[in-house]
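To keep things clear, I will list the structure first and then write my remarks on it.
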Amino acid sequence: MAFREEEYISERVRRNYRQIRDRLGEIEKYGDIRDEVLELLENPRLKVIDRCDEAMGQALFAAGLIDDPSGFARYFDDIRCKKVCSFPGAPGSGLGDHHAYPGGLVNHTSTGIELALATADVYRRAYGLESDREILILAMTLHDVAKATLLAWDDDGTYPKEFPIARTEAHHILSMSEAISRGFPFRLVKAMCHCHVRFESFDRDLRDYLRAAFLIAGKELPVKEVTIGAEDIICKFADGDYYIGKLAMRTIMSSADSEGLDREAVCKMLSSESEYALFRGRPWSLTIGV
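End of the sequence shown = 309 in the numbering used here, gap-free, step of one.
Set out below in structure tokens:
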């Protein structure tokens, strides 16, 4: 029997999806963008996916942003042939990684929005840092939106490994490219980008992620220097929800055999129970060298 994502969407996922939409409903200044994002959640196929062809692969290769232009074209040819996930049914990351179950994207996104808003409150009190809450809501909603297209479920309950662009997963770049192609402001795209840049390679990541995203969108990067804003700092930390998702996934997978859990049971458990509830009380340890 073919894997059906909708069979695994729990009430917890539905509740968190409503919360995302409710947060978007709070947006007033960016009403046109809000409406477009709500529509994208209902129909999450990326428009920009059609630009990811052989010519684009060559352009990214020439810019030093990918290593295999032929592989890029083959990967996206395959993606275009696949059915897109619903946003509520999409996984939150690659197989075996954080929130990798139907509904994982919703759970990760809704938590990210709440973390961003809470962090904004703390930073305002601690540092006097003022931020735009509407940009935070939009950035955290959109930062992984490409996963519904790139991580669409196959009939066997798996999905393809992502093609790397600018040394990172393709969804990081394509989510920004989609926002750029729709004419969303650079301030929003920049906040999305900061979700995924790494501290150890911050300058290079920021530069190359933006270069790749604008190239794929067919737009010119509008600045020569990037100014780091309050929303960028906050979004970087708000995306840290992946850590608890990794702990939950590693814990449940390490004990699945001993508990007699097949893949169906694991997906249903991950969708319905909180990540913390899954690794609390289950024996799991990580051996590290010191």
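We put the CB at the ideal spot given by N, CA and C, even for glycine.
| query | So what does DSSP say about E283, is it helix, strand or coil? | reply | helix
| field | CB of Y27 within 9 Å of CB of C214, strictly | value | no
| said: I'd like the list of long-range same chain contacts for V208, defined as Cβ closer than 8 Å, with 5 residues on each side in sequence excluded. | reply: M195, A198, I199, L229, A232
| field | Between the CA atoms of L193 and I307 - distance to the nearest angstrom | value | Since pLDDT at I307 reaches only 49, below the 50 mark, its modelled position is unreliable, and the value read off the structure follows with that caveat. Roughly 35 Å between the two C-alpha positions.
| field | Separation of L79 from A135, as counted between CA atoms | value | 32 Å
| query | According to DSSP, is I28 helix, strand or coil? | reply | Correct three-state label for I28: coil.
| message | Please tell me whether M268 and D116 are closer than 9 Å, where the distance is taken between their beta carbons. | response | yes
| message | I believe H127 touches D41 by the beta-carbon criterion, under 8 Å. Please report the beta-carbon distance rounded to the nearest angstrom. | response | Contact doesn't hold; Cβ gap of about 17 Å is too wide.
| field | N126: first and last residue of the uninterrupted alpha helix (DSSP H) it sits in | value | 123 to 146
| task | Evaluate contact between the stretch 247 to 261 and the stretch 153 to 170, counting only Cβ atoms and requiring at least three cross-stretch pairs below 8 Å. | result | yes
| task | Ignore the nearest five residues each way along the sequence and tell me which others in M211's own chain have a CB closer than 8 Å to its CB. | result | A158, L161, H162, S194, M195, A198, C254
| Beta-carbon proximity list for L60, same chain, < 6 Å, skipping 5 on both sides | F106
| message | Among R217, G44, A139, G237, whose alpha-carbon lies nearest the alpha-carbon of R201? | response | The shortest Cα separation from R201 among R217, G44, A139, G237 belongs to G237.
| Straight-line Cα distance separating I184 from R64 | For R64 and I184, the distance between alpha carbons rounds to 19 Å.
| task | Would you decide whether E24 is buried or exposed? Buried here means 16 or more other CB atoms lie within 10 Å of its CB. | result | buried
| In its own chain, which residues sit with a C-beta less than 6 Å from the C-beta of E73, not counting the 5 before and 5 after it? | A92
| request: Please name the residue or residues paired with I184 in a DSSP beta bridge. | output: T187
| field | Straight-line Cα distance separating F203 from T270 | value | 39 Å
| query | So is Y36 buried or exposed if we call it buried at 16+ other beta carbons inside 10 Å? | reply | buried
| task | Flag this pair as yes or no: are the beta carbons of S290 and S112 separated by less than 9 Å? | result | Not a contact, by the Cβ cut-off of 9 Å.
| query | Which residue from V141, G122, G44, D51 puts its Cα closest to that of A167? | reply | G122
| message | For C71, count the other beta carbons within 10 Å of its own beta carbon; 16 or more makes it buried, fewer makes it exposed. Which is it? | response | buried
| query | With 16 other CB atoms within 10 Å as the buried threshold, where does D12 fall? | reply | No answer is possible for residue 12: it lies beyond the span of the chain, which begins at 20 and ends at 309.
| Nearest residue (CA-CA) to E47, options K66, Y142, D151, V242 | Ranking the options by Cα distance to E47, first place goes to D151.
| request: Compare the Cα-Cα distances from F256 to each of L84, G50, P110, A139 and report the closest residue. | output: Comparing Cα-Cα distances from F256 to each of L84, G50, P110, A139, the minimum goes to A139.
| said: Restricting to Cα atoms, I'd like to know which of F205, E219, E278 is closest to V242. | reply: F205
| request: Flag this pair as yes or no: are the beta carbons of L124 and Y178 separated by less than 9 Å? | output: no
| Ordered along the chain, which non-local residues of its own chain (more than five positions away) have a Cβ less than 7 Å from that of F182? | Excluding sequence neighbours, F182 sits near G90, F91, Y94, A189.
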